[in-house]
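Chemist: Going by our numbering, 414 is the number at position 190 of the sequence shown; the sequence numbering is gapless. Built from N, CA and C at the ideal position, the CB exists for glycine as well. Structure incoming, see below.
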Amino acid sequence: MITRRTISSDDAERILQLSENHFLDVKSIDVTPAKTSKAISAFANAGGGELFIGIDENKKHELPARSWRGFSNEESANGFFQVFEKLDPLGNSFFYEFLHSDSNPGLLLHLVVNKTQSIIKSSDGRTYIRKNAQSLPVNDEQITRLKLDKGINSYEDEVLNLSFDVISNSETTIEFLLDAIPTAEPEDWLKKQFLVSSSKPTVAGILLFSDNPQAILPKRSAVKILRYQTKADAERDFLVGDPETIEGPIYHLIYNSVDRVREIIEGIEKIGPSGMERVRYPQEALHELLTNAVLHRDYSIAADVQVRIFDNRVEIESPGKLPGHVTVENIVKTQFARNPKIVRIVNKFKNPPNKDVGEGINTAFEAMEKLRLKKPIFDELDGSVLVTLSHESLASPEQIVMEYLKESDEITNQIARELTGIKSENTMKNVFYRLRDRGELEQSPKVPGKKHSWRKAKPS
């Protein structure tokens with residue numbers, strides 16, 4: 225039974241005003257079911273989306289005027305449902321409902337398509353992806369890329385034309401086996417882990433056990449660290465020194481990168497209640513998010529993981545889109561390993577960087593909350609995932625101001641903006657005015673040559 229939901233005239237009008245984009249499409253009931261299946265394929269293979277069937281567009285005008293003309297009854301849409309049900313394997317990633325509005329004729333069919341782990345083909349047997357407001361067919365090369373993006377295929381299994389002893393006789397392998405499995409023979413153990421094929425190492429084998437993976441996989445296996453002395457965007461004028469590149473097998477790469485990032489952050493100061501103080505980020509959050517970036521990146525893309533350290537935030541950018549059905553909305557609750565061999569085997573190392581497999585992002589969120597800092601923000605860019613750790617307090621601007629005045633006699637607009645992260649001078653003034661109106665603040669007496677400031681209100 226398809227859900228039927230009645231919506232208000234205002235909600236119906238909002239739907240008619242929606243703009244078609246990367247995540248939304250509208251169709252007339254005159255469109256063929258096969259054509260709608262192209263949109264479903266495109267949404268499922270990209271980031272998901274919504275489709276409304278039952279909206280006419282009048283394109284004679286410069287701006288298309290839309291009108292609601294839905295199905296006369298539920299049975300009238302049966303041809304669409306027959307096509308939808310053949311789109312396999314959609315499973316629970318596909319939902320539809322009828323929308324009814326008293327002020328508009330007929331039933332609007334509303335489809336919600338989630339991002340899928342598998343590739344979805346339309347009824348014509350072709351694969352589509354969503355680009356801006358279009359559903360476009362993809363060729364064989366693009367399908368290969370799509371499989372890597374979704375994690376159906378993993379670059380970690382690619383075989384490299386190198387001698388097996390690059391990993392079987394490396395110091396990294398010998399040290400690992402002595403620590404973890406002292407009775408194992410390197411060649412036998414590596415073969416049993418499927419890190420070798422036809423006597424040649426795989427990408428996973430090189431990343432884990434080569435002493436110098438970056439010489440074999442340049443520009444795609446290191447971590448690049450950049451320090452920008454600004455709170456604004458990453459511009460070369462604000463770059464401090466040269467970017468640093470951390471190299472080595474994955475286990476050492478993660479730990480050495482985290483240590484270096486921590487060292488740089490410890491040199492950053494900010495204004496606090498007692499004057500200048502060191503910026504603090506939770507070690508667990510930095511460790512877990514950097515570990516996540518290295519282990520789950522797309523190694524088929526020739527780009528290093530980047531860590532950009534600003535005065536008020538840390539950005540970690542990992543090459544590759546979010547794999548499988550993972551989105552920025554469900555990333556905390558969903559687990560999917562793009563590189564399962566790497567994730568599994570690095571967990572066998574002594575003191576593994578991914579000690580609690582599957583819990584890293586949760587740990588990062590909890591660590592930020594313990595320090596009363598805002599939670600990490602994830603963004604999926606065109607070919608990478610960006611996570612931002614902001615040094616912004618969970619406290620309200622009013623709380624931050626009053627906390628500062630527990631240790632200091634006065635506070636200026638500039639200092640308050642430094643503390644709260646508020647950029648606008650006028651917005652900060654409004655915070656002061658609210659505190660004044662509540663009887664908590666008063667303006668300090670004006671002193672020639674000094675900036676205007678505020679202080680705690682004296683008891684009347």
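Are residue 583 and residue 626 close, meaning C-beta to C-beta below 8 angstroms?
Modeler: Going by beta carbons, residue 583 and residue 626 fall outside the 8 angstroms limit.
Chemist: With 16 other CB atoms within 10 Å as the buried threshold, where does residue 256 fall?
Modeler: exposed
Chemist: Report yes if the CB atom of residue 276 is closer than 8 angstroms to the CB atom of residue 337, and no otherwise.
Modeler: no
Chemist: So, is residue 260 buried or exposed, given that buried needs 16 or more other C-beta atoms within 10 angstroms?
Modeler: Counting C-beta atoms within 10 angstroms of its own C-beta, residue 260 has 16 or more neighbours from the protein chains shown and is therefore classed as buried.
Chemist: Any contact between the segment 514 to 525 and the segment 554 to 570? By contact I mean 3 or more CB pairs, one from each, below 8 angstroms.
Modeler: Three or more beta-carbon pairs separated by less than 8 angstroms link the segment 514 to 525 to the segment 554 to 570, which places the two stretches in contact.
Chemist: Classify residue 310 as buried or exposed, calling it buried when 16 or more other Cβ atoms lie within 10 Å of its own Cβ.
Modeler: exposed
Chemist: From what residue to what residue does the alpha helix (DSSP H) around residue 328 run?
Modeler: Counted as a single uninterrupted DSSP element, the stretch harbouring residue 328 is not any alpha helix (DSSP H), since DSSP gives it neither H nor E.
Chemist: Mind reading off the beta-carbon distance from residue 486 to residue 510? Whole number of angstroms is fine, and I expect it under 8 angstroms.
Modeler: A Cβ-Cβ distance of about 7 angstroms is found for the pair residue 486 and residue 510, placing them in contact under the 8 angstroms criterion.
Chemist: Going along the chain, which residues of its own chain have a beta-carbon closer than 6 angstroms to the beta-carbon of residue 230, five neighbours each way excluded?
Modeler: Leaving aside the five residues that flank residue 230 on each side, the residues in its chain whose CB is nearer than 6 angstroms to its CB run, in chain order, 324.
Chemist: According to DSSP, simplified to helix, strand and coil, what is residue 481?
Modeler: helix
Chemist: To which residues does DSSP link residue 345 through a beta bridge?
Modeler: Note: residue 345 sits in a beta bridge opposite 351.
Chemist: With DSSP as the reference, label residue 289 as helix, strand or coil.
Modeler: Looking at residue 289 - three-state DSSP - the assignment turns out to be strand.
Chemist: According to DSSP, is residue 377 helix, strand or coil?
Modeler: coil
Chemist: Bridge partners for residue 334 per DSSP, in chain order?
Modeler: Looking at the DSSP assignment, residue 334 forms a beta bridge with 276 and 321.
Chemist: Report the partner residues of residue 358 according to the DSSP bridge assignment.
Modeler: 355
Chemist: How many angstroms separate the CA atom of residue 648 from the CA atom of residue 655?
Modeler: Straight-line Cα distance between these residues: approximately 11 angstroms.
Chemist: As a quick exercise: from 274, 374, 304 and 373, pick the residue whose alpha carbon is nearest that of residue 171.
Modeler: No answer is possible for residue 171: it lies beyond the span of the chain, which begins at 225 and ends at 684.
Chemist: Could I get the ranges of all uninterrupted alpha helix (DSSP H) runs contained in the segment 529 to 584, with 4 residues as the minimum, in chain order?
Modeler: With a minimum length of 4 residues, the continuous alpha helix (DSSP H) runs that stay inside the segment 529 to 584 are 564 to 570.
Chemist: Residue 600 to residue 507, Cα distance in whole Å?
Modeler: CA-to-CA, the gap between residue 600 and residue 507 works out to about 14 angstroms.
Chemist: List the endpoints of the continuous beta strand (DSSP E) containing residue 604.
Modeler: Counting along the chain, the beta strand (DSSP E) containing residue 604 begins and ends at 601 to 604.
Chemist: At which residues does the beta strand (DSSP E) containing residue 451 begin and terminate?
Modeler: 447 to 451
Chemist: For residue 641, I'd like the list of residues in its chain whose CB is within less than 6 angstroms of its CB, leaving aside the five on either flank, ordered along the chain.
Modeler: Counting only Cβ-Cβ distances below 6 angstroms, and skipping sequence neighbours, we find 652.
Chemist: Specify, as a first and last residue, the run of the beta strand (DSSP E) that residue 230 falls within.
Modeler: 227 to 230
Chemist: Do you know offhand how far residue 612's Cα is from residue 462's?
Modeler: 18 angstroms
Chemist: What separation, rounded to the nearest whole angstrom, lies between the Cα atoms of residue 481 and residue 603?
Modeler: 22 angstroms
Chemist: Taking the alpha carbon of residue 278 as the reference point, which residue from 249, 265, 226 and 534 has its own alpha carbon closest?
Modeler: 249
Chemist: Restricting to Cα atoms, I'd like to know which of 271, 562 and 543 is closest to residue 443.
Modeler: 543
Chemist: Please report the Cβ distance between residue 340 and residue 549, rounded to the nearest whole angstrom; I am assuming they are in contact, meaning their Cβ atoms lie under 8 angstroms.
Modeler: 6 angstroms
Chemist: Taking all protein chains shown into account, do 16 or more other C-beta atoms lie within 10 angstroms of the C-beta of residue 469, making it buried, or fewer, making it exposed?
Modeler: exposed
Chemist: Using DSSP's beta-bridge definition, name the partner residues of residue 635.
Modeler: 678
Chemist: Counting C-beta neighbours from all protein chains within 10 Å, is the total for residue 223 16 or more, i.e. buried, or is it exposed?
Modeler: Residue 223 is absent from the structure shown; the chain starts at 225 and stops at 684.
Chemist: Is residue 369 helix, strand or coil by DSSP?
Modeler: Residue 369: helix per DSSP, three-state reduction.
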